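The structure under discussion appears below in the form of C-alpha cells.
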Amino acid sequence: MAKTNLKEINRNIYDIKNKDEYEFKIKKGLTPEIIEEIAKQKNDPEWMKEFRLKALEVYNKLELPTWGPDISELNMDEIATYVKPKTKINDSWEDVPEDIKNTFDKLGIPEAEKKSLAGVGAQYDSEVVYHSMREDLKKQGVIYTDMETAVREYPELVKKHFMKCVPVTDHKFVALHGAVWSGGSFVYVPKNVKVDIPLQSYFRLNSPESGQFEHTLIIVDEGASLHFIEGCSAPKYNKVNLHAGCVELYVKENAYLRYSTIENWSKNMLNLNTKKAIVEKNAQIDWVTGSFGSKISMLYPMSILNGEGAKTEYTGISFAGKGQNLDTGFKVIHNNKNTSSVVNAKSISKNGGKCTYRSLVRINENAQNSKSSVSCESLMLDNISISDTIPVNDIRTDEVEFSHEAKIGKISDKAIFYLMSRGISEEDAKAMIVRGFAYPISKELPVEYAVEMNQLINLELEGSIG
Amino acid sequence: MKNSILEIKNLHVNAKEKEILKGIDLKINKGETHVIMGPNGSGKTTTANAILNNPMYQKTMGQIIFEQEDITNLKTDEIARKGIFMSFQLPEEIPGISVTNFLKYAKNKTTMQPVKVFQFKEEVKKYMEELNMNPKNMERSLNVGFSGGEKKKNEILQMLILNPKLAILDETDSGLDVDAIKTVSKGIEMFKTKENSILIITHNTKILHSLKVDYVHVLVDGKIVKTGDQSLAKEIEENGYNKYKNI
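Going line by line, the protein sequences match chains X and C.
With my numbering, the residue at position 144 of the first sequence is 158, and numbering never jumps.
With my numbering, the residue at position 129 of the second sequence is 181, and numbering never jumps.
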C-alpha cells in the first residue's frame, strides 16, 4: 500500500477551524419538537420519525452512568444536535465546497482515496458531504453509501438491522443517539464477495457546541470479507462538543470484518461512542483502535460471539495527555462453543493524563471449549499521570482456556540512559521507547495511519521533557 | 598533552546519597588500552556511568576532560556524540525497535551525517560474521529475549559500527563462556587502532588473556590504589585483591 501525504501532518491541521457556516443548525437542547424538526429536515420516513421520538422517551428515563469518568459538565441544553452543512452529498471532490474540501485535503483523505482505498465517505458536522466507491465493487453488489440514503433506498435491510445490535435501551447516550442520529455510513457486502482494499469513512466536526451522532451499519454477508476504516477529528473550541456515534456490525457465517479506527478528536470533546458486533458461525471480527483525542472518552467496543467457532481480536492503544481521561476497553461475550477472543490493549499517559482499561470477558455456560486471552499494558511517562485496569471476567463454564495479564509501568530511566549513551537525545529516546511500546498496535494499522500515529506520538511528546 | 584523550581529575561521585568514588585520577592517551580492576562494590561501574554522566549518579567534586574539553556536566547524548561509547554490563531491552533500525539511528545521531545504507549494511554484515552473530537478530527487537552472550556481542557490534574515539567496556566479559569471550576479544582487537582508546572495566582477568593492555589500575573502595602494566593483572589473578584492601 502506498504512503499518503499524511506523513506531513501536524496538530495544526486538526485545529484549523472553518467559519461556522451551515445551512441549518437546530436549536440547542432536546425536546420532541426539536426531534420532529430534525426528522423533517432529514426527510425521515414515518417509521424513523417514530423511532426517534421513542428513543427520546427512553433517553429521558435513563440515568447517566454512575461509574467511570465524571461527565456532569455535559449540559444537553447547550448542545446543538443537528448541524447541516451548506452542501449536498457529492460524488466528486470537485463539487465539495472549497473550505470543506480544503479541510479533507489537509487531512489527506482525497489523496488516500486515490492511492489505497476502494471507497471513501466524508462527513462534515451532521451530514455526509462526499461518498464514492470503485465501480467494480458496485458491480459486485457492494453497497457503500451514507446512512440516510440507505434508509430511503434499502428500507428492508435497514429496518431489520438498525439499532437491533445496539438497542436504544443500552444506555443513555445510545438512546440520545437513536433520537438525533444523523449521517454515517452503510455498507453491505454480498455473499462471498471479498473487498480486498479498505473502505474508509472520515468524520469531521467543525461546528462549536454541537454534537456528532453518526450511525455506521455494516453487514458482511456469508463468506464475504471487508476492511473498514474510520477516522475522526475536530478543531478545538472552548466549549464542550459531544460525539455519541453508534456502530453496528453484523458478521455473518464464515465472513470476516476488520474495523480500524483512528480517533483524534480535539481535547474539548466528550466521546461517548458505542460499537458492537454480532459474529456468527466461524466468522471473525478484528478491531484495531487508536484513541488519541477527546477530553473524556468512554468507549468499549463489544463482540458478541453468537456462532460456533466465532472469533474476535481486539488491538487497541490509547494515549492520554494533560486534562484527558480516556476510559476505554473491550467487551466480549462468548455465546457458543469453540469461540475465541484475543485482546491486546496498551495505554500511554503523560502530563497528568488518565488512562483506564475497563473490560468484560463473559464466557457463558454453553460456550465450552472456548478460549480467551487478555493482555493489557500501561506506560506512564511521569509521576503525575494515572493508569488503571478494571477487568471483569465472568467465566461460567469450566471447559475454557482463559488468561489475563496486566502490566503497569513507568518509562525506564535506565532505558533512556542506554539510548542516550548512543548519541540519541532524551526527547528522541523517550519517543523511541513509546513508539516501540506502541509498535505491536501501530503495525496493525493501515500504513498511512501508522505513520500518522507515530507523528502524533512525536507531537504529543514534544516539549514533554523536563 | 596533545595525546591525551581522557583525563579524570579528583572525581568524587555519589550514588543514592552514598559516596562511591572518593577521588579518582586517570589519564588515557590516544591508542592506549587501560583496565580498571577491582572487587565487587569498589566503584567500577560507577566510574563508567560517571564518565557518561548518568543522572542516577551525582558528581560532587572533580572534573572530566575529553580532548581538552570539560565534559563533566554535559548530557549523556552530547558526550556520546563527542566520541565516547559504553558497552553495558546489562544492556537494556527495548521492545518494538529493531536492532538494525536502532543501529542506523544511533549511527546517524553520533556521526551527525546521513547513513549510507548500502555501505552500512555491508559493514554490519561483515562485523556480524566476525562476531558469530545470527543475522536474524538484526530484525528482532533490541536485546529483547537475547541471551547474555547475544547481548554482549550486540554491544560490541554497536561499538564497531559507531567507531568511537574511546570505548568503555563495563564487565563485557562477565557471564560469558570461553568461546564467547574469545569472540568478544576478537571484536575488541578489530576496534583497536592507533587512534582509538579503550577502557576495560572488569573484576576478573579472563578477558585479559587474549588482549594486550597498556595499563592496569586497581580500584578499591572508590580509589585507585595501584597502577601497573599487564603483569599487575597476572599478579591479581594469582593473589586476589586482599593485599590492596587495607591500603
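No residue lacks a Cβ here, since even glycine has one placed at the ideal position from N, Cα and C.
Bear in mind the structure is a predicted one, so any value in this text is a computation, not a measurement.
Distance cut-off 6 angstroms: residue i Cβ against heavy atoms of the ligand ADP
i               : result
G155 of chain X : The ligand ADP is not part of the structure shown, which contains no ligands of any sort.
Rounded distance between the beta-carbons of residue j and residue i, thought under 8 angstroms
i               : j               : result
C390 of chain X : T403 of chain X : 6 angstroms
K351 of chain X : Q382 of chain X : 5 angstroms
E223 of chain C : Q141 of chain C : 4 angstroms
G267 of chain X : A297 of chain X : As written in the sequence, residue 267 of chain X is Glu, which differs from the Gly given in the question. 6 angstroms between Cβ atoms; contact.
I80 of chain C  : L58 of chain C  : 4 angstroms
I232 of chain X : V207 of chain X : That pair is no contact at about 13 angstroms.
T124 of chain C : Q115 of chain C : 5 angstroms
S386 of chain X : F344 of chain X : With 8 angstroms as the limit, S386 of chain X and F344 of chain X do not qualify as a contact, their Cβ atoms being about 11 angstroms apart.
V234 of chain X : V203 of chain X : 5 angstroms
K275 of chain C : I76 of chain C  : 7 angstroms
I5 of chain X   : V194 of chain X : Residue 5 of chain X falls outside the range modelled here, since chain X spans only 15 to 480, and no answer is possible.
S146 of chain X : G155 of chain X : 17 angstroms between Cβ atoms; not a contact.
G237 of chain X : T275 of chain X : G237 of chain X to T275 of chain X, Cβ: 25 angstroms. No contact.
M190 of chain C : V236 of chain C : Actually they are not in contact, since the Cβ atoms of M190 of chain C and V236 of chain C sit about 19 angstroms apart, beyond 8 angstroms.
Residues near residue i in its chain [Cβ-Cβ closer than 8 angstroms; skip 5 each side]
i               : result
T279 of chain C : Y267, V268, H269 and V270
Q55 of chain X  : F38, I40, Y96 and K98
L88 of chain X  : V254, L256 and L284
G117 of chain X : For the sequence presented, residue 117 of chain X should be read as Thr rather than Gly. So the qualifying residues of the chain are I30, N32, Y138, R218 and N220.
Contacts around residue i, its chain only, beta-carbon distance under 7 angstroms, and the 5 residues preceding and following it disregarded
i               : result
I149 of chain C : S193 and L194
L76 of chain X  : H185, K186 and A189
E294 of chain X : V265, K266, E267, N320, G321 and A324
M211 of chain C : F137, S139, A219 and F243
K203 of chain C : P143 and N195
P187 of chain C : M180
Nonlocal neighbours in the same chain, by C-beta distance under 6 angstroms from residue i, ignoring five residues either side
i               : result
A420 of chain X : C390 and T403
I479 of chain X : For I479 of chain X, the predicted structure reports a pLDDT of 39, less than 50, and the residue's modelled location is therefore unreliable. The matter cannot be settled from this model.
I347 of chain X : I318 and R376
V261 of chain X : T230 and K289
G239 of chain C : L183 and I208
S239 of chain X : K208 and Y270
V65 of chain C  : I72, L73, T98, A102, Y109 and K111
K21 of chain X  : The predicted position of K21 of chain X is uncertain, since its pLDDT is 32 and thus under 50; no value can be drawn from it.
L395 of chain X : K364 and I425
L313 of chain X : N287 and T342
I301 of chain C : Outside the shown range of chain C (53 to 299) lies residue 301 of chain C, about which nothing can therefore be said.
D408 of chain X : R376
M53 of chain C  : Residue confidence is low: M53 of chain C scores 49 on pLDDT, short of 50, so the model does not pin down where it sits. No coordinate-derived value is stated.
N472 of chain X : A445
G477 of chain X : Its pLDDT being 48, under 50, G477 of chain X is placed unreliably in this model, and the value from its coordinates should be taken loosely. Nothing listed; no residue qualifies.
P111 of chain X : T101
M185 of chain C : K205
N339 of chain X : P83, I310 and K368
I252 of chain C : V87 and L221
*Three or more C-beta pairs closer than 8 angstroms, one from the region 456-473 of chain X and one from the region 426-435 of chain X: is that the case here?*
no
*With 7 angstroms as the limit, tell me which residues of the region 163-191 of chain C have their beta carbon closer than that to any beta carbon of chain X; keep them in chain order.*
none
*Scan the region 209-226 of chain C for residues whose Cβ lies nearer than 8 angstroms to a Cβ of chain X and list them as they occur along the chain.*
Q210 and L214
*Evaluate the contact criterion for the region 437-452 of chain X versus the region 167-187 of chain C: three or more CB pairs, one atom per stretch, below 8 angstroms.*
no
*asked:* By the 8 angstroms beta-carbon criterion, what residues does the region 412-430 of chain X contribute toward chain C?
replied: S426, D427, K428 and A429
*Between the region 210-217 of chain X and the region 280-298 of chain X, do at least 3 Cβ pairs fall closer than 8 angstroms?*
no
*Stretch-stretch touch, CB-based, cutoff 8 angstroms, three pairs: the region 242-254 of chain X with the region 217-234 of chain X*: yes
*Interface residues of the region 333-354 of chain X facing chain D [CB-CB below 8 angstroms]*: Of the chains in the structure shown, none is chain D; the protein chains are X and C.
*the region 44-54 of chain X / the region 154-174 of chain X touching (three or more Cβ pairs under 8 angstroms)*: no
*Going along the region 123-147 of chain C in order, which residues come within less than 9 angstroms of chain X, judged by CB to CB distance?*
K127, T128, D129, E130, I131, A132, R133, I136, F137, M138, F140, L142, P143, E144, E145, I146 and P147
*Entirely within the region 387-454 of chain X and at least 4 residues each: give me those alpha helix (DSSP H) ranges in chain order.*
427-434
*Pick out the complete beta strand (DSSP E) segments inside the region 225-258 of chain C, 3 residues or longer, and give them in chain order.*
249-254
*Quick one: which unbroken beta strand (DSSP E) runs of 3-plus residues sit fully inside the region 295-354 of chain X? Chain order, please.*
298-305, 310-313, 316-319, 325-334, 339-342 and 345-348
*Are at least three pairs of beta-carbons, each pair with one atom in the region 361-370 of chain X and one in the region 327-342 of chain X, less than 8 angstroms apart?*
yes
*Would you mind listing the beta strand (DSSP E) stretches within the region 120-173 of chain X that are 3+ residues and don't spill past its ends, in chain order?*
133-138, 141-147 and 157-160
*Taking the runs of the beta strand (DSSP E) that are 3 residues or longer, which of them lie wholly in the region 146-225 of chain C?*
146-150 and 218-222
*Along the region 106-121 of chain C, what residues have a CB closer than 9 angstroms to any CB found in chain X?*
N106, P107 and M108
*What runs of the beta strand (DSSP E), each 3 residues or longer, lie entirely inside the region 166-219 of chain X?*
199-203 and 213-218
*In the region 445-464 of chain X, which residues sit with their C-beta less than 8 angstroms from some C-beta in chain C, listed in chain order?*
M446, I447, R449, G450, F451, A452, Y453 and P454
_Uninterrupted beta strand (DSSP E) stretches inside the region 216-285 of chain X (no shorter than 3 residues)_ = 229-234, 239-247, 255-257, 260-265, 270-278 and 283-285
_4 or more residues per run - each alpha helix (DSSP H) lying fully within the region 53-126 of chain C_ = 96-103
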